[in-house]
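**Student:**
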Amino acid sequence: MTNPHHHKNAPHVGGSHHQDPWRDVPEAFVEILERESRLSAPVREAALAAVAMALHDELRQIVDLGSGVGADAVMLAERFPTAEVHALDLSSVLLERVRAAAEAAGVQDRVGVHCIDLDDDWPAAIPQGVDLVWASLALHHVDDPARALRQVFTALRPGGVLVLTELRGEVRLAPADLGTGMEGLADRIAPVLSAPAQYLSIDWLSLLAEAGFTSASHSEHDVTVDASTPDGAAFLQLRLGALRERAADDLPEEDIAAVEAVAEALPVAGSSISLASTRSLWVAVRAASGPDTAAVPSESLEADVAVVGGGSAGLAAAIALARSRRTVVVVDAGRPRNAPAEGAHNVLGQEGIPPRELLAKGRAEAESYGARIVPGHATAITGSIDGFTVDVDSGAHRVQARRIILASGLEDDLPGIPGVAEGWGRSVLHCPFCHGWEVRDQRVAILARDAVALHQAVLFRQLSDRVTVFLHDAHDPTVDEQEQLAALDVAVVRPRVEHLVMDGSQVRGVATADGRVFDVDAVVVVPRFNARTALYESLGGVAEDFPFGKQIPADPRGMTSVPGVWAAGNANNPMAMVVAAAAAGVATGAAVHGDLCMADLDRAVQERRAHTDPAR
C-alpha cells in the first residue's frame, strides 16, 4: 500500500511551489488519508515498539512532522500521557481533522497544531529539546530531505529519537490480471500507483549519518490491503478509481477502462484483489553527548567479547560474562523476532511477559553488571581471534574484541500468501508450544508446505477439535496420512490458498482459488528458519542447511569452526524457544569466559617464563 500523498496530482507537504494544493485538499483525498491511517495501524504499532526500545524516560515533547489526519498524533498522545504532541502540517483542512481527532480521543489539551511548511524553519515553532520526532511518509516530499534531517537533529535533545517511516519499492497488486482476464495488467499499473522513482531512491541511511545520527536501526514491514474489510474495499476503490487522472498519458485506454470497471465493482464478496507495499522504518538516536553538528566522529570501543544481537541469548551471554568481570559490548539492532507477539510463553516465572518488556529487563540486568549496549547493526566483522573488529552501522561505532558471540537470531521466511505477514505472531502462528494455548478450542487452519503439516495437525488437534489442513501447493496426503487425518477428524481442503481475510492483525478467513472463504480464528504456517549467517560467512565460516532452513554450525557450547567465534540461541538452534535461547546464551557466555581464562593463563605463563628466564 502506498501513502496517498504519492498520487502524482496530490498535494505536497513542502516547498512553496506546492503550497496552494495543500491549502485546498480535496475531500476524496482526505478520505483516502483517513482509511489509510486505519489500514496502516500495524506499522504504527511496530514503530511504537521501536520507540519503547530506544527511549526509557518519560516523554515531554513530541513532534509529528506531516501529521495528516492526526491518527499518529493522537496515538502518540494516548501512549505517552506526560507528553505534549506538536502536529505540523501545511494543510489547514488536515489540521482541522487533527483537532477533531484529538477532541474525540480526549487529548485535545496535549495536542497542538502548527500550520507550517516543512521546507521552512519549522523548529522555530516548537519548544527546544524534543524527546521524539515522528516522521511518517513525509520527509521524502520536502525539497531538501538532508536539510530536514539536520533540522530534526538540532531539534532533538541529546538522547532523543527520530522515528522515520518511508516507502521501499513499488506497490504490488494481485492477482496478475486483477480478475479481468488481461494478462499482466497489475504489473502495468503498479508503477503508476507507486511513488515516483526519485522518492524511492533516497539513501536515508547516508542522510541520517550526514545529519549527525550515529546510531540508526532499520526494519521493513509489509502492508497489504484487500477487499475483505470495508476500509480495504473503499481504499482500493478510491486508489484504482483515480487511475485515469494519474495515468491518462501513461497507459492504454483499455487498461484504464478495465481498472475503472474493477474499481466500480468493489466491494465484492470474495474479491481477491490486493495491494501491498513495503515500509522502511528507521529509528535514529541523537547521541546522549557530543557536538551538535553533523561532524560526529565514530566511536571506538574495546571489549573482551562483542556480542552481536541483544535478544534472550545475547543478553544472557552478556550477563554471564559481565558477572565474571569480562568487558562486554552488545550490538543490538532492536529487531527481536518475537516482537509482534503479545506475550512470551514457557518463561518460568515470567509467563506471558511482553517480549520487549522481557528484553528491557534483560538489558537493565546486563548494564547493571557493566555490559554496554550499543544500538545499531553489526555491518561487518574483520580480523581474527584476539583481534576482531566489529563495525556498527558502517563505522558509526567500532568494537575491538578478543572473542565474538553471534546471537543475531534468524529471519522467518514466511509463505508469500497475502495476509500472512500482517498476522504473523498474532493470529498467524507456527509453534503449538508458543501459541497453542491461546488458540485452544478455536478454528485452526494449517497451511501445508510438506509432510510437516500432518505433524502440526496432530499437535494442534490436541488443542482444538476444529482443525483444517489446507494443502495449498503441497502434495496430496498418502493413503496412510489420509487415514490418520480422518481418524483425528481433521478436514482437508485441496484448492490452493489465494489470501487470508484479515481484520488488522486478526485473521478472519482463508480464501481459496475456487472462490470459497473458510472462517477461521488462527492460521498455522511452516516458515523456513534462516539464521543470519552473513557475518559468520564473511569470516570464512560455512552455513549449514537443515530441513527447515539454515543455521550456524556449532558444538553444544556454541563454539564454531572459526577460531574465536561462537554462536548462541536461534543463530545455531533455530528451533529454540525463549528459555532455551537464554540457556544457550548462559552456557556460551560461560564457555567463552573459560576460553579467555585459559588464554590469559597461557599468556601469564609465557610472560612469567620470559621474565624469570629470558633465555627460554
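For the sequence shown, position 543 matches number 546 in our numbering, and the numbering has no gaps at all. Every residue, glycine too, gets a C-beta built ideally from N, C-alpha and C. The structure presented is a predicted model; accordingly, all values stated were derived computationally and were not measured.
1) Starting from P378, trace the beta strand (DSSP E) in both directions and tell me its first and last residue.
2) Suppose you measure from the CA of V29 to the CA of V520; what does that come to, to the nearest Å?
3) With three or more C-beta pairs closer than 8 Å as the rule, is the stretch 183 to 192 touching the stretch 128 to 146?
4) Alpha carbon to alpha carbon, how far is G115 from H475? Give it in angstroms, no decimals.
5) Determine the contact status of G507 and V523, defining contact as a CB-CB distance below 8 Å.
6) Does the beta carbon of A104 sit closer than 8 Å to a beta carbon anywhere in chain C?
7) When the Cα atoms are used, what is the spatial distance from R289 to I65?
8) List the endpoints of the continuous alpha helix (DSSP H) containing M185.
9) So, is E486 buried or exposed, given that buried needs 16 or more other C-beta atoms within 10 angstroms?
10) Threshold first: 4 residues or longer. Then list the alpha helix (DSSP H) segments lying entirely within the stretch 239 to 298, N to C.
11) Suppose you measure from the CA of G313 to the CA of R338; what does that come to, to the nearest Å?
12) Between which two residues does the beta strand (DSSP E) harbouring F391 extend?
13) Kindly list the residues whose CB is nearer than 6 Å to the CB of H221, restricted to its own chain and excluding five residues on each side of it in sequence; keep chain order.
14) If you check the beta carbons only, do V46 and T232 fall under 8 Å apart?
15) Per DSSP, which one or two residues make a beta bridge with W137?
16) Just tell me which of A177, G69, H89, E484 has its CA closest to the CA of G419.
17) Taking its Cβ as the centre, do 16 or more other Cβ atoms sit within 10 Å of D453, making it buried, or is it exposed?
18) For D307, tell me which candidate among V33, D112, W427, R328 has the shortest Cα-Cα distance.
19) For a test of the three-state rule: what should DSSP assign to G419, helix, strand or coil?
20) Determine the DSSP secondary structure at E414, reduced to helix, strand or coil.
21) Kindly list the residues whose CB is nearer than 8 Å to the CB of A369, restricted to its own chain and excluding five residues on each side of it in sequence; keep chain order.
22) Going by DSSP in three states, S95 sits in which element: helix, strand or coil?
23) By how many angstroms is the C-alpha of A534 removed from the C-alpha of G597?
24) Relative to the C-alpha of A31, which residue among A514, M601, A594, L243 is closest?
**Tutor:** This is what the structure holds:
1) Note, P378: beta strand (DSSP E), 375 to 378.
2) Here the sequence assigns Pro to residue 29, which means Val is not the residue at that position. About 36 Å.
3) Contact annotation: the stretch 128 to 146 does not touch the stretch 183 to 192, with fewer than three C-beta pairs closer than 8 Å.
4) 51 Å
5) no
6) Absent from the structure: chain C. Only one protein chain is present.
7) 15 Å
8) Element bounds for M185: n/a, residue is neither H nor E.
9) exposed
10) List check, alpha helix (DSSP H) in window: 246 to 250, 256 to 268.
11) 9 Å
12) Residue range 390 to 395 is occupied by the beta strand (DSSP E) that includes F391.
13) W285
14) no
15) D67, V166
16) Distance from the Cα of G419 is smallest, within the candidate group A177, G69, H89, E484, for A177.
17) exposed
18) R328
19) In the structure shown, G419 sits in coil (DSSP, three-state: anything other than H, G, I, E or B).
20) strand
21) L318, A321, I322, A325, V331, V333, I376
22) helix
23) Rounded to the nearest angstrom, the two C-alpha atoms are 26 Å apart.
24) L243
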